[in-house]
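Colleague: Questions regarding the structure given below will be posed in turn.
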Amino acid sequence: AQSVTQLDSHVSVSEGTPVLLRCNYSSSYSPSLFWYVQHPNKGLQLLLKYTSAATLVKGINGFEAEFKKSETSFHLTKPSAHMSDAAEYFCVVSYSGGYNKLIFGAGTRLAVHP
Amino acid sequence: SAVISQKPSRDICQRGTSLTIQCQVDSQVTMMFWYRQQPGQSLTLIATANQGSEATYESGFVIDKFPISRPNLTFSTLTVSNMSPEDSSIYLCSVQGQGDEQYFGPGTRLTVT
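Line by line, the protein sequences give chains A and B. For the first sequence, my numbering assigns the number 1 to the initial residue and increments by one for each residue that follows. For the second sequence, my numbering assigns the number 1 to the initial residue and increments by one for each residue that follows.
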C-alpha cells in the first residue's frame, strides 16, 4: 500500500536561510510524488511533481525536490526562504489502483521569521 | 491547468440540516474528486465522481451521508446530509491534470453549530 510520512509537523526558519521539508514514501511500485502548498485560507497549489523522469525536480517559487529511491525520500528544499513561503506543505503520493487517488501526508507547517 | 470554482465559499449551518456544495470546472474532465480537510488535519478523499456513473466512495464514507451528483463533464455537487458538528471541515473538489496530478478548487469552509 502507498503512504507518505512527513517527518516534521512544524519547521521554523529565518528569512534568507535554506528550507528543508522532509518526506518519506512507501510504495510497492514506482510512484508519482507531489508537493502541494496551502496558504492560510487559500486552496491547494501544486508546487512540483515527480513522475519517473529526472530525479531532481524543479517547481515554482524556487522550490525543488529530489527523488531518492534508495532512501525512499522526496524532500523539498529551497535555498533561501521568503516571508511569503510561510504555509502548510503536503507531500503526496499517487495510488493508481484502478483510478487516480492521491494520498496526502499529514503536512508540515513552515514558519518564516524576519 | 483547469480553473475550478466552488460555491458556497463558506457557510454556517444548523445540525440536522443538509448543505449542497457545487464544483464547476472551466473545461471538460472525466474524473472529479471530493476531499475533506478537518480542522488542523490533512486531506482525506471522500469519493471519486465519473460522469454518468455512481460515485466511488472511500472507506468510512457512505452515499447516504455524502450523496454526489455528476450530471455533466464540467460540474459536480457534494451534499453533506444530516449534519453534526463533526462535519465541520473544509470540503474541496479537484480534477485530474494531464498526468497523475490533481488541481483543486478553493474549498468550502463548513461550520456546523
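Beta carbons are placed, not taken as given, at the ideal position from N, Cα and C, and that holds for glycine.
1) Can you tell me the Cα-Cα spacing of Val3/B and Ile68/B, whole angstroms?
2) Buried or exposed: which applies to Ser52/A, given that a residue is buried once 16 or more other Cβ atoms fall within 10 Å of its Cβ?
3) Per the contact definition of three or more C-beta pairs closer than 8 Å, is the stretch 53–63 of chain A in contact with the stretch 55–63 of chain B?
4) Compute the Euclidean distance between the alpha carbons of Phe67/A and Pro114/A, then round it to the nearest angstrom.
5) Among residues of its own chain, excluding the 5 on either side of Leu7/A, which ones have a beta-carbon nearer than 6 Å to its beta-carbon?
6) What are the boundary residues of the beta strand (DSSP E) that Gln98/B is part of?
7) Take every Cβ of the stretch 11–24 of chain B, pair it with every Cβ of the stretch 15–35 of chain A, and state whether three or more of those distances are shorter than 8 Å.
8) In chain A, which residues lie with their C-beta within 7 Å of the C-beta of Glu101/B?
9) Can you give me, in chain order, the residues of the stretch 22–36 of chain B that have a beta carbon less than 9 Å from any beta carbon in chain A?
10) Counting contacts by CB-CB distance shorter than 8 Å, is Phe74/A in contact with chain B?
11) Which residues in chain B have a C-beta closer than 8 Å to the C-beta of Ala53/A? List them in chain order.
12) Between which two residues does the beta strand (DSSP E) containing Ala65/A stretch?
13) How should Ala81/A be labelled, buried or exposed, when 16 other C-beta atoms within 10 angstroms of its C-beta is the threshold for buried?
14) Taking the C-alpha atoms as reference points, what is the distance between Phe71/A and Leu19/B?
15) With a Cβ-Cβ cutoff of 8 Å, do Arg109/A and Ser9/A count as a contact?
16) Can you list, in chain order, the residues of its chain with a C-beta nearer than 8 Å to that of Thr74/B? Leave out the 5 residues immediately preceding and following it.
17) For the beta strand (DSSP E) containing Lys42/A, name the first residue and the last one.
18) Would you give the residue range spanned by the beta strand (DSSP E) that Met31/B belongs to?
Modeller: According to the structure shown:
1) Looking at the backbone, the Cα of Val3/B and that of Ile68/B are separated by about 20 Å.
2) So Ser52/A counts as exposed.
3) The stretch 55–63 of chain B, when compared against the stretch 53–63 of chain A, does not touch it at the 8 Å Cβ threshold.
4) C-alpha separation (whole angstroms): 31 Å.
5) Cβ within range, chain order: Arg22.
6) Run containing Gln98/B: none; DSSP gives neither H nor E here.
7) They do not touch, by the three-pair rule.
8) Under the 7 Å cutoff, chain A gives Phe34, Leu46 and Lys49.
9) If the cut-off is 9 Å between Cβ atoms, the stretch 22–36 of chain B has Met31, Phe33 and Tyr35 near chain A.
10) The beta carbon of Phe74/A sits no closer than 8 Å to any beta carbon of chain B.
11) Simply none; closest approach about 11 Å.
12) Judged by DSSP secondary structure, Ala65/A falls within the beta strand (DSSP E) whose first and last residues are Glu64 to Lys68.
13) Ala81/A should be labelled buried.
14) One detail in the question is off: residue 71/A reads as Glu in this sequence, not Phe. Looking at the backbone, the Cα of Glu71/A and that of Leu19/B are separated by about 45 Å.
15) Result yes, Cβ atoms of Arg109/A and Ser9/A sit closer than 8 Å.
16) Short of 8 Å from the beta carbon of Thr74/B, and not among the five residues preceding or following it, lie these beta carbons of its own chain, in chain order: Gln24, Val25, Asp26, Ser27, Gln28 and Val29.
17) In the DSSP annotation of this structure, Lys42/A is not part of any beta strand (DSSP E), being labelled neither H nor E.
18) Note, Met31/B: beta strand (DSSP E), Met31 to Gln37.
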